[in-house]
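Enquirer: Protein chains in written order, with our numbering: chain A, 198 to 685; chain B, 52 to 508.
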Amino acid sequence: MSRLADKIQEVFNEPGCAANQAKSEKVRKKGCSKPLQPGGAAGGCAFDGAKIALQPIVDVAHLVHGPIACEGSSWDNRGVKSSGSKLYRTGFTTDMNENDVVFGGEKRLFRSIKEIIEKYDPPAVFVYQTCVPAMMGDDIVAVCKVAAEKFGKPCIPIISPGFVGPKNLGNKLAGEAMLDYVIGTREPEFTTPYDINIIGEYNVAGELWQVKPLLDELGIRILSCLSGDARYHEVAQSHRARAAMMVCSTAMINVARKMEERYGIPYFEGSFYGISDTSESLRQIARLLIARGADAELMDRVEALIAREEAKAFAAIQAYTPRLAGKKVLLITGGVKSWSVVAALQEAGLTIVGTSVKKSTKEDKERLKEMSPDVHQIDDLRPREMYKMLKEAQADIMLSGGRSQFVALKARMPWMDINQERSYAYCGYVGIVEMVRQIEKALSNPIWDQVRSAPPWEEITWESRADAANAADAAQNAAAAMPAARVA
Amino acid sequence: MAKIVTSTKSCTVNPLRMSQPLGASLAFMGLRNCMPLLHGSQGCTSFGLVLFVRHFRESIPMQTTAMSEVATVLGGFDNVEQAIVNIVGRTKPDVIGICTTGVTEIKGDDLDGFIKEVRRKHPELANVALVSVSTPDFKGALEDGFAATVTRIVETLVEAPAPGAARDAVKLNVLAGSHLTPGDIDELRDIIEAFGLQPTFLPDISGSLDGHLPDDFTPTTHGGVSVAEVAAMGSAAHTLALGEQMRKAAVALEAKAGMPFTLLRRLTGLAAGDELMATLAQISGRPVPAKYRRQRSQLVDAMLDGHFYFGGKQVAIGAEPDMLLNISGFLADMGCTVSAAVTTTTSPILEQVPSDEVLIGDLEDLERRGEDCDLLVTHSHGRQAAERLGVPLFRMGLPMFDRLGAAHQVAVGYRGTRDLIFSIGNVFIAAIKEPDVSSWRDAAARPERFDAPITAH
């Protein structure tokens, strides 16, 4: 456990994190996530985060060491895509029973690894620690070591049991496991001055493939993506890349920073959401590669490609603007996505009337404010508050993750999924056009007028009831005249 | 009689089973204005919540005591107390259903003791019902957690009638197992009411998880059976227990309130429909309404029309025990062979499953045993296996995240069975391969699977 505690402290101390640099040492030690409130928490655990971060490595067997709860209700539930092996979609778990809880689960874990190697012969087995075996003291590092020696296959312990913290911490602990056990363990057959890593991109709905053709055209090779559509050996040889792009800012900054420190791979933080962000990211990639020995003419080709693709994308979007201009969007999503998606939507002529900042860092919030000073930043995501926002901001559509979709839908409000489980891909130039197309499709659907119509016998509408409830709340708050004493 | 075997593998591959706390939460969601609370780390709740949201396509009320590593080691009283206080403050529920998870069971947190202490410290919470249930993840399955919770709700919330108090002959308690959808419960309510009876369903997910537009945004369940209605179940004259899993709850209800119960193991199929009707006729003292006599005749006709497509088909089924018995029994009644049956947990009814063997195992087992089958019946996670086997998948059970209408899939009674014949029969028809010049050559080469190619016409 002390090893894990050290690891967590190390992650909390991450000097590459801008938020951390501003903190005192004492504050830093407390970690970057707010303490969870019993009865008022939402969101995944550290194990969830670790699995999200690594499961996109498609040819690996992902084995969850724990009781059925951890894998049984979550396997094959993410929309990350593979161009080859489908093994990542197979749910492996030790499914610990009462006996294992009494006598320890190490033997079952060892035998499970053996069975997987015999039946599926993956290039590696990733073993995820969960709360129950962590509490019992199962030493999965030792089991992985013995299994790797015995079977001649990498067995990688991912120490990120749920109760150490939230999803984001799990992303980072997963990254640590890659740094400790995988990255740098294999040499690529050849290298080129145009080899890059993309870190923190998971290929949700195949988004990586919206950008890869551009890189292919430029002769830029993705030596390894961490972890979208990745193969084990690609991650193992990723230390030979010339430059790296870090996509999801807070998720794997530790990996990007440590790879710079250990292997001299410079990185930048970028996004492929939206036209200008995509262009800027391509320029950054070229800049870093040229600085490390790529031919300077790369930049000319990048600029030519950007000019061509931007023109194409703007033309495609313009076809939609007559129908979208002035439409108002309420954007409920976390962290980096807030500002990158805001930029994308503004390009399409949409107005952002509000966005959630619950998961965003202070820097994210400031950046957002710079970009669009008029946008409401929403912290409170209780359903009735959100309905109030939809109404007061007079939004035409809400964009959010699957969990909050029903707030919009039950308010008979167009909604579009922009989170992990979404089924459409929105990356790069083609992706933003697709997003605009989807928004237009949602807004123009003829059901809205129908579903908002009251039945012929209805006298009091649901809206008036909700308004009355909100008014009652407001009156109650005013009467109480006690700031921050909201219990509704 | 089926032989019951347990998988000897160390590693579960492609789980069929889900954990007890999920079943417990589902049962609690059948109570009105309820907040299910999992006592564990926040991931336990988050995974369950996402699963239910994708299945029902509804907002799902579920909370967590958000146990940290330190709290887990030291014991979770503070977290349970804070969670209850916060939930009451934020959502004003009538009832909070508290379930343990793996970590808090291992630590040995005493939920009943915690609740007593919360009651002592917080007299202001007296009007909020608290029901606790032990649901370790490392034991049992969703069905077990669901059943244990219904039993605990009966023990905690039902009020024993005063000695000598008259029973309400029209009131009927219905304990509805986890194999029933909101649509099934709606259908059963209609049937029961047609006999002049007033059913109280426990739990009643037909009001809370049926996909409807609520009047207001409540963070707890909207719809379901109320605490007061559950309390009043003690005054009913009879109890109907649906599914073997409900036996314990029915026994608990009988022990507490003294009314007899009838247990119906199956609700799908002609004989099962007849048993349901006869039971209700007997309890109510009324004849079977004309509407259902007509529906029975429609079902018989559907069986006649449909049997061509069901007869001789090999079906591989993966489901929790009560659903497995119900659906495999129905398919066998229609002439199918249940060539593989995989389930999640032990149950006294497993040996009645019409198959040579019932395996307590996973979807990898089902896939291997289903290699020669014509149809796979299981929840949505069977999609990869069906694709690899090249056979159609008929989705039943939880989760069903890649199709619409999971909550309204109805399989009970005459009408439910009739429609199920059409749905599954159409899957068989859609999979028919037109005969070609070598069809009979191939058939002759494998006499054990001799099945004359038929056409869809």
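Using N, Cα and C, we set each Cβ at its ideal position, and we do this for glycine too.
Taking the alpha carbon of residue 612 (chain A) as the point to measure from, which residue in A:454, A:527, A:547, A:397 has its own alpha carbon closest?
Expert: A:527
Enquirer: Please report the residue range of the beta strand (DSSP E) in which residue 314 (chain B) lies.
Expert: Looking at the DSSP string, the run of the beta strand (DSSP E) that includes residue 314 (chain B) is 312-315.
Enquirer: Beta-carbon separation of residue 614 (chain A) and residue 525 (chain A) under 7 Å?
Expert: no
Enquirer: Alpha helix (DSSP H) containing residue 368 (chain A): first to last residue?
Expert: 364-378
Enquirer: Use the C-beta contact count for residue 523 (chain A): other C-beta atoms within 10 angstroms, 16 or more gives buried, fewer gives exposed.
Expert: exposed
Enquirer: Check for me: the alpha helix (DSSP H) holding residue 262 (chain A) runs from which residue to which?
Expert: Premise fails: residue 262 (chain A) lies in the beta strand (DSSP E), 258-262, not in any alpha helix (DSSP H).
Enquirer: Given a threshold of 16 other Cβ atoms within 10 Å of its Cβ, counted over all protein chains shown, does residue 63 (chain B) qualify as buried or as exposed?
Expert: buried
Enquirer: What residues from chain B crowd round residue 247 (chain A), counting only those whose CB sits closer than 7 Å?
Expert: Those do not exist, as residue 247 (chain A) stays about 11 Å from chain B at its closest Cβ, beyond 7 Å.
Enquirer: With a threshold of 16 other CB atoms inside 10 Å of the CB of residue 243 (chain B), please say whether the residue is buried or exposed.
Expert: buried
Enquirer: What is the C-beta distance between residue 118 (chain B) and residue 91 (chain B), in whole angstroms, given that I count them as a contact (C-beta under 8 Å)?
Expert: Confirmed, about 6 Å.
Enquirer: At least one CB of chain B closer than 7 Å to the CB of residue 683 (chain A): is that the case?
Expert: Low local confidence applies: a pLDDT of 42 at residue 683 (chain A) is under 50, so the model's placement there is unreliable, with the coordinate-based value given in what follows. Output row for residue 683 (chain A): interface = no.
Enquirer: Mind listing the chain B neighbours of residue 332 (chain A)? Cutoff is C-beta to C-beta under 9 Å, in chain order.
Expert: Neighbours of residue 332 (chain A) on chain B, chain order: 120, 123, 124, 153, 154, 157, 158.
Enquirer: Which residues in the same chain as residue 389 (chain A) place their Cβ atom closer than 7 Å to its Cβ, once the five residues preceding and following it in sequence are excluded?
Expert: 418
Enquirer: With DSSP run on the structure shown, which of helix, strand or coil describes residue 62 (chain B)?
Expert: coil
Enquirer: Secondary structure at residue 429 (chain B), three-state DSSP: helix, strand or coil?
Expert: Looking at residue 429 (chain B) - three-state DSSP - the assignment turns out to be strand.
Enquirer: Residue 306 (chain B) to residue 201 (chain B), Cα distance in whole Å?
Expert: C-alpha separation (whole angstroms): 15 Å.
Enquirer: Can you list, in chain order, the residues of its chain whose CB lies under 6 Å from that of residue 404 (chain A), leaving out five sequence neighbours each side?
Expert: 622, 624
Enquirer: Establish whether the CB of residue 265 (chain A) and some CB of chain B are separated by less than 7 Å.
Expert: yes
Enquirer: When you compare the CB of residue 85 (chain B) with every CB in chain A, is at least one pair closer than 7 Å?
Expert: no
Enquirer: What did DSSP end up calling residue 160 (chain B) once you bin it into helix, strand or coil?
Expert: coil
Enquirer: Quick one: which chain E residues come within Cβ less than 7 Å of residue 237 (chain A)?
Expert: The question asks about chain E, but that chain is absent: this structure's protein chains are A and B.
Enquirer: Starting from residue 614 (chain A), trace the beta strand (DSSP E) in both directions and tell me its first and last residue.
Expert: 612-614
Enquirer: State whether the stretch 233-240 of chain B contacts the stretch 214-221 of chain B, with contact taken as three or more CB pairs (one from each stretch) at a distance under 8 Å.
Expert: No contact exists between the stretch 233-240 of chain B and the stretch 214-221 of chain B.
Enquirer: Closer than 8 Å by beta-carbon distance: list the chain A residues that pair up with residue 116 (chain B), in chain order.
Expert: 235, 236
Enquirer: Please give the ranges of any alpha helix (DSSP H) in the stretch 476-520 of chain A, keeping only runs that are unbroken, at least 4 residues long and fully inside the region.
Expert: 494-515
Enquirer: Who does residue 82 (chain B) pair with in a DSSP beta bridge?
Expert: B:276
Enquirer: Do the CB positions of residue 99 (chain B) and residue 270 (chain A) come within less than 7 Å of each other?
Expert: yes
Enquirer: So, does the stretch 345-354 of chain B touch the stretch 294-308 of chain B, judging by three or more C-beta pairs under 8 Å?
Expert: The stretch 345-354 of chain B makes no contact with the stretch 294-308 of chain B; the number of CB pairs closer than 8 Å stays below 3.
Enquirer: Give the interface partners of residue 130 (chain B) over in chain A, defined as CB-CB distance under 7 Å, in chain order.
Expert: 235
Enquirer: By the three-class DSSP mapping on this structure, what secondary structure does residue 305 (chain A) have?
Expert: Helix, per DSSP.
Enquirer: Just to confirm before moving on: does the CB-CB distance between residue 323 (chain A) and residue 262 (chain A) stay below 7 Å?
Expert: no
Enquirer: Can you list, in chain order, the residues of its chain whose CB lies under 6 Å from that of residue 292 (chain A), leaving out five sequence neighbours each side?
Expert: 265
Enquirer: Considering only the beta carbon of each residue, do residue 245 (chain B) and residue 338 (chain B) sit closer than 7 Å?
Expert: no
Enquirer: Can you tell me whether residue 207 (chain B) is helix, strand or coil according to DSSP?
Expert: helix
Enquirer: Given that a residue counts as buried once 16 or more other Cβ atoms are within 10 Å of its Cβ, and exposed if not, what is residue 174 (chain B)?
Expert: exposed
Enquirer: By the three-class DSSP mapping on this structure, what secondary structure does residue 222 (chain B) have?
Expert: strand
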